[in-house]
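Number of protein chains: 2
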Amino acid sequence: MGKTAKVIFQPSGRRGEIIEGKTLLESAQKLGVDLESICGGKGTCGKCKVRVEEGFFSKDAIESSMSHLSPMTDGERKFIKEKDGPSMRLACACEVHGDVKIFVPEKSRAGKQIVRKTAKDVTIALKPAVRKYNLEVPKPTLHDLSMGDYERVCRALKEQYSLANLQMDYFVLRKLQDLMRLGEWKFTVSVWKEREIIRVEPGFVESCLGLAIDVGTTTVAAYLCDMNTGRVINTESMMNPQVPYGEDVMSRITYAMTSEDGLSTMQKAIIEGINDLIEKITTEIPVNGGERGHNILDMTVVFNTAMHHIFLGFNPEYIGRSPFIPAVQDPLEIKARDLGIGINPSGYVHVLPIEAGFVGADNVGVLIAEEPYTAEDIVLIIDIGTNGELLLGNRNAVCSTSCATGPAFEGAQIKFGMRAAPGAIEKVRIDPETKEPQYKVIGKADWHTHIEKVNAKGICGSAIIDVIAEMFKAGIIDKSGKIIKDLNTPRVRLDSDGKPEYVLAWADETSIGTDITVTQGDVRALQLAKGALYAGAKLMMKQMGIEKVDRVILAGAFGSHIDTRSALTLGMFPDCEIEKVYSVGNAAGDGAIMALLNVDKRDEARDRARWVKFVEIAVEPSFEKEFMAAMHVPHMKDKFPGLKSMLEKENVPVTIKA
Amino acid sequence: MGKTAKVIFQPSGRRGEIIEGKTLLESAQKLGVDLESICGGKGTCGKCKVRVEEGFFSKDAIESSMSHLSPMTDGERKFIKEKDGPSMRLACACEVHGDVKIFVPEKSRAGKQIVRKTAKDVTIALKPAVRKYNLEVPKPTLHDLSMGDYERVCRALKEQYSLANLQMDYFVLRKLQDLMRLGEWKFTVSVWKEREIIRVEPGFVESCLGLAIDVGTTTVAAYLCDMNTGRVINTESMMNPQVPYGEDVMSRITYAMTSEDGLSTMQKAIIEGINDLIEKITTEIPVNGGERGHNILDMTVVFNTAMHHIFLGFNPEYIGRSPFIPAVQDPLEIKARDLGIGINPSGYVHVLPIEAGFVGADNVGVLIAEEPYTAEDIVLIIDIGTNGELLLGNRNAVCSTSCATGPAFEGAQIKFGMRAAPGAIEKVRIDPETKEPQYKVIGKADWHTHIEKVNAKGICGSAIIDVIAEMFKAGIIDKSGKIIKDLNTPRVRLDSDGKPEYVLAWADETSIGTDITVTQGDVRALQLAKGALYAGAKLMMKQMGIEKVDRVILAGAFGSHIDTRSALTLGMFPDCEIEKVYSVGNAAGDGAIMALLNVDKRDEARDRARWVKFVEIAVEPSFEKEFMAAMHVPHMKDKFPGLKSMLEKENVPVTIKA
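Residue numbers (this note's numbering), protein chains in the order written: chain A, 4 to 661; chain B, 4 to 661.
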């Protein structure tokens, strides 16, 4: 054994004696230091940059320090940029010749941290299921007949990356020999879960793409991610192509049960729809052999239980009727080609676990994105889609349930309801004195006053909540939701059925040539929807012995558009400090992205989906009573300190008749 | 804990204290006794029959012995037949109430031994990759929402059979819920390698089928096996449908390289051909849902390296030219649906490993069937197909090689050569005095003498060897293979080119209206073929320092038809005692069957394929010299003691001109 030198790596603090002449990369590998190397130490990827912190040298004289390391080579110099800062070296090219202290910058670590942009700024470690490895093998000769090309790949992976016992997907094996020769014995293999080789590409390739999908009953969202950096590169969405077969979950289950080939028709529709999304989302990705989608090597997907079953081709009959038993709750890993999904056919589609019959993988996505199981305070998470799903608890226990909110939040069952699209009124304020509204239309920058023509077309979900909360605060409806007729304003009038309605926009402000009104029926529909959410949350609190919720998180694309003040005013959820109510956007999609970028999150999802206690509120005897009570607007200020404090700050009189 | 009793199981000798009231099956499971139980102890399969050997009782008074066991139930009595012999009980129905000694008959053991009918009478243990398990789960209720149906199956497998961590194939999962309900919560799962559930059937099913396939260049053979008993239930064969694209390996490789879609055309041909075989071989199998072929749950396949590559869709270009590198040597497990093979789509096709570029999985089949690696004596195994493959050695070392014998043994390149089909002359004797032949035609019971018309059509491989050996012994050819003209018999004459030929059958004995002759060219073609085999064997002996072969095994469908005496006379292989030369039939197919019935044989195949040393004889400098020498008929009696002893016993003068 030769002379050794002491090498210390920061920030891990790992240290040890290294034989002189070994490279810094070899030292890092020997000492178990997390240091990225895609090319396996060939000096071709430039990923293993490190900063020399100390040798036996003064910190000012960097050049002299190099005596403890081999001189910088030309190949190395190519990768070291000025912006990297001083004293940077390529660890694979730099030999140890004396004691040194090395700092591994964040971006040179394999297990990088990425920052997710939400209210909480969660950081997650990068640990994707698929990683790429650059390989080079010697050209075989007649004197080297003891192995086939597959065995040569395995030997190289073991020697260069310590990866052993790998399988190779049959579809990859079919092209292996041609591709190895095409790259002149230089090639890149993509390894899934350190278990299976799912792609071989000629030459050295770095790009590693993954796709996270959130299949909602109404909307499907896709997120294309760079699995080397954790960045979301592109986002696409579409209407769920199953909508023609039923607007909601139950009607699709019925379609599957009653129409010939109903299930396979709907399965085909969603698979083909996702394949179209894959086409669109990869439009700008350079093609690296084969179809563009084949560059996507891994995929995660979340959905509610019915969408889960239909996507997978499982008969949804049994989740549609008592006792609501799903085919499977565990997470699944399915070959993309077995599903017909147009990512790489050798790649896997990871289906997140479901919690119970009515609480699906989308809620598990919310769960791992928001991590209520790590919270000290009591968190209520409301994910509003076509159905409402609730999570309540903290590190000690979390319960989940599903509420049949109906489609009112999405604009259905509302006279002038529409989806959140250009022309939809999305925000509303009403002057409590004059009862005159102001509103904002999607696609217009400013708030409308009655002076300007804005071509409104209808009211979307967030504005429905706004307008009814504002009507309550302005005294236009009472606590029971009844519209008060004798208010001396032209805005409140009787409709053709003799029922009162409130005119939100006069015909000349619209593009539809008629007044946009909020009817008594609209108010009732919203009361039913918000009542279901409120009662669900209340029953969960009761079951868990919780008196007060500390934090309310609104999730879902819709949830992120709601005015939290209006929602609190209306009583969509139990009382809470308004400062502790916030929106996080599509948390289910965030969960799918996290599971894509970090396999530990998949384990977490599996374990936590089982750990969360599902509460079936419909079978609870007191549900009916809670639901009836929850329909009212919460006017009893004393029992709602959070609401009271908010309204007082807003200077709302709340002198409504009790 | 209750009172215990002593229970002894024979023939394993396992014993222990068992709590009284436990059944004999539970006792066997606790003590690790190998006792079959397909229904998991429900008393429905009748597989766990055992004989009561001793309690505290006299052997004559069986009835009184029953006091140490619970009385026989009616359900039990149904399964106990008179032919089972006295004192039989169903272990799962019979409770222990005192000390007993129990004998587990062969047929009640899960790891049954089966006897294979070959010259050696090999016994192999039954340990198939796929086993069936009967399950019954309680109907789920609203109070049991913590798991899906898949999780219920897993729980039952764990509780009833101690099987844990099982995956379920996605295609099975799709039908799971319907099938569980169809069987009213009684169903049977098929488990592959204790890892993956590959089938669910409603009700309790026992039948478990597997298929072993030997894909030869010319012929494909299929063996349908009962994986519960190890019996071969049915056999089918066909011409390899790739024959139109090339008669031999090299011409098919060329076709793949030069024709557009040549590879996929040939792959499709063999896959569809095998699917036709599957149709035929299962004609009498009762359909149990789905297609008939879907009842086949496992498959093994052997072939030479070129057939291996084409079957798998691997470009065969690289095994066709130096340095002859295959895509993969290791065994493969491929989902049947990924190959398009018509067994159960969730089942696997196990592809046996190959040894080297020219020595394929078929030779590995021969290897594990004949096990030369367990032999004390030196064994030479000759597998003659379109190519000749040799194995030589014993427990210390085994070498393999491949010889380009050409197609002479199969009747090609022989003027009147034909396949072994009705009308082919298959055996020949020549009177050394008169030079008159006797021959036997396939499809005719008796030997032909020139008196009777037998409608011969041509000469098949075994008869070519016979006739040339007989011509030599009768002095019609000399040691160099030259036909001697001045023999004073009309049987030897000159053909139209002025070259000598021997008339084997006169035109009026044939159905082709012309004399069937053996030409000088035929003799040369056979000399080339047998010379290649002989030289190959000699070079291997030289490399291994072996002077003498103790045993010669002729394998292959053709090998089993050869007259071993003629083969020894001609010098197809190095000298050996004639008593130690024997045929084993299609040993490659036997190997495929063994690997189907016992997964340990698959491991053995993988390990031994690597252990066997491949000798590339074409690169050996002395090959040309050995080959030239081997073309001669071995006339030097003193150097061939085995041959000498045989010929002396046959009273052959062997006074041929040297």
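We put the beta carbon where it would ideally sit given N, CA and C, even for glycine.
These numbers were taken from a predicted model, which means no experiment stands behind them.
If we define contact as Cβ-Cβ less than 8 Å, is residue 423 of chain A a contact residue for chain B? no
Chain-ordered residues of the segment 323-346 of chain A with a beta carbon less than 9 Å from chain B: 325, 326, 327, 328, 329, 330, 331, 332, 333, 335, 336, 337, 338, 340, 341 and 342
Segment contact flag, the segment 534-551 of chain B with the segment 622-640 of chain B, C-beta cutoff 8 Å, min 3 pairs: Yes, since at least three Cβ pairs between the segment 534-551 of chain B and the segment 622-640 of chain B fall closer than 8 Å, the two stretches touch.
8 Å contact criterion, which residue 646 of chain A and residue 578 of chain A should meet: CB distance rounded: 5 Å
Segment contact, 8 Å Cβ cut-off, at least three pairs: the segment 11-18 of chain B with the segment 602-618 of chain A: no
Give the straight-line distance between the Cα atoms of residue 174 of chain A and residue 325 of chain B, rounded to the nearest whole angstrom. 25 Å
Helix, strand or coil: how does DSSP classify residue 100 of chain A here? coil
Please confirm if residue 173 of chain B has its CB atom under 8 Å from at least one CB of chain A. yes
Helix, strand or coil at residue 157 of chain A according to DSSP, with G and I counted as helix: In the three-state DSSP reduction, residue 157 of chain A falls in the helix class (H, G or I).
Ignore the nearest five residues each way along the sequence and tell me which others in residue 112 of chain A's own chain have a CB closer than 8 Å to its CB. 37, 38 and 39
Taking three-plus beta-carbon pairs below 8 Å as touching, is the segment 37-57 of chain B in contact with the segment 95-113 of chain B? yes
Alpha-carbon to alpha-carbon, residue 404 of chain B and residue 463 of chain B: Computed Cα separation, rounded: 26 Å.
Would you mind giving the Cβ-Cβ distance between residue 274 of chain A and residue 343 of chain A, rounded to the nearest angstrom? I have them listed as a contact below 8 Å. Right, the Cβ-Cβ distance comes to about 5 Å (below 8 Å), so this counts as a contact.
Please report the straight-line C-alpha distance between residue 80 of chain A and residue 29 of chain A, rounded to a whole angstrom. 20 Å
Quick one: Cα of residue 650 of chain A to Cα of residue 335 of chain A, how far? 48 Å
Fully enclosed by the segment 492-520 of chain A, which beta strand (DSSP E) runs are 3 residues long or longer? 495-497 and 503-508
Going by other Cβ atoms of all chains shown within 10 Å of its Cβ, with 16 needed for buried, is residue 307 of chain B buried or exposed? buried
Taking one C-beta from the segment 346-356 of chain B and one from the segment 287-299 of chain B each time, how about it: are there three or more such pairs within less than 8 Å? yes
Is the beta carbon of residue 137 of chain A sitting closer than 8 Å to the one on residue 43 of chain A? yes
7 Å CB neighbourhood of residue 356 of chain B in its chain, flanking five on each side removed: For residue 356 of chain B, the CB contacts under 7 Å within the same chain, skipping 5 residues up- and downstream, are 332, 333, 334, 364, 367, 608, 609 and 612 in chain order.
How should residue 539 of chain B be labelled, buried or exposed, when 16 other C-beta atoms within 10 angstroms of its C-beta is the threshold for buried? buried
Less than 8 Å between the beta carbons of residue 466 of chain A and residue 513 of chain A, yes or no? Going by C-beta atoms, residue 466 of chain A is not nearer than 8 Å to residue 513 of chain A.
What's the gap between the Cα of residue 179 of chain A and the Cα of residue 317 of chain B? 9 Å
Range covered by the beta strand (DSSP E) that runs through residue 257 of chain B: Per DSSP, residue 257 of chain B belongs to no beta strand (DSSP E); it is in the alpha helix (DSSP H), 252-261.
Per-residue contacts from residue 618 of chain A into chain B (C-beta, under 7 Å): Within 7 Å Cβ-Cβ: nothing; residue 618 of chain A doesn't reach chain B, min ~10 Å.
Determine the contact status of residue 589 of chain A and residue 217 of chain A, defining contact as a CB-CB distance below 8 Å. In this structure, residue 217 of chain A lies closer than 8 Å to residue 589 of chain A by Cβ.
Straight-line gap, residue 3 of chain A to residue 636 of chain A (C-alpha atoms, nearest Å): Nothing about residue 3 of chain A can be reported from this structure: the residues present for chain A run from 4 to 661 only.
Measure how close the beta-carbons of residue 191 of chain A and residue 206 of chain A come, nearest whole angstrom, since I'm counting them as under 8 Å. Residue 191 of chain A to residue 206 of chain A, Cβ: 7 Å. Contact.
Endpoints, alpha helix (DSSP H) assigned at residue 278 of chain A: Boundaries of the alpha helix (DSSP H) harbouring residue 278 of chain A: 265-284, taken from the DSSP string.
Taking its Cβ as the centre, do 16 or more other Cβ atoms sit within 10 Å of residue 219 of chain A, making it buried, or is it exposed? buried
Of the residues that make up the segment 174-199 of chain B, which ones have a beta carbon closer than 9 Å to any beta carbon in chain A? 174, 176, 177, 178, 179, 180, 181 and 184
Find the nearest neighbour of residue 446 of chain A within the set A:423, A:433 and A:584, judged by alpha-carbon distance. A:423
What are the start and end residues of each continuous beta strand (DSSP E) run of 3 or more residues lying completely inside the segment 132-183 of chain A, in chain order? 133-139
Considering only heavy atoms of the ligand GTP, does any lie closer than 7 Å to the CB of residue 274 of chain A? Questions concerning the ligand GTP fall outside what the structure shown contains, since it holds no ligand whatsoever.
Range covered by the alpha helix (DSSP H) that runs through residue 644 of chain A: Where residue 644 of chain A is concerned, the enclosing alpha helix (DSSP H) stretches over 644-652.
Assign residue 572 of chain A to one of two classes, buried (16 or more other C-beta atoms within 10 Å of its C-beta) or exposed (fewer than that). buried
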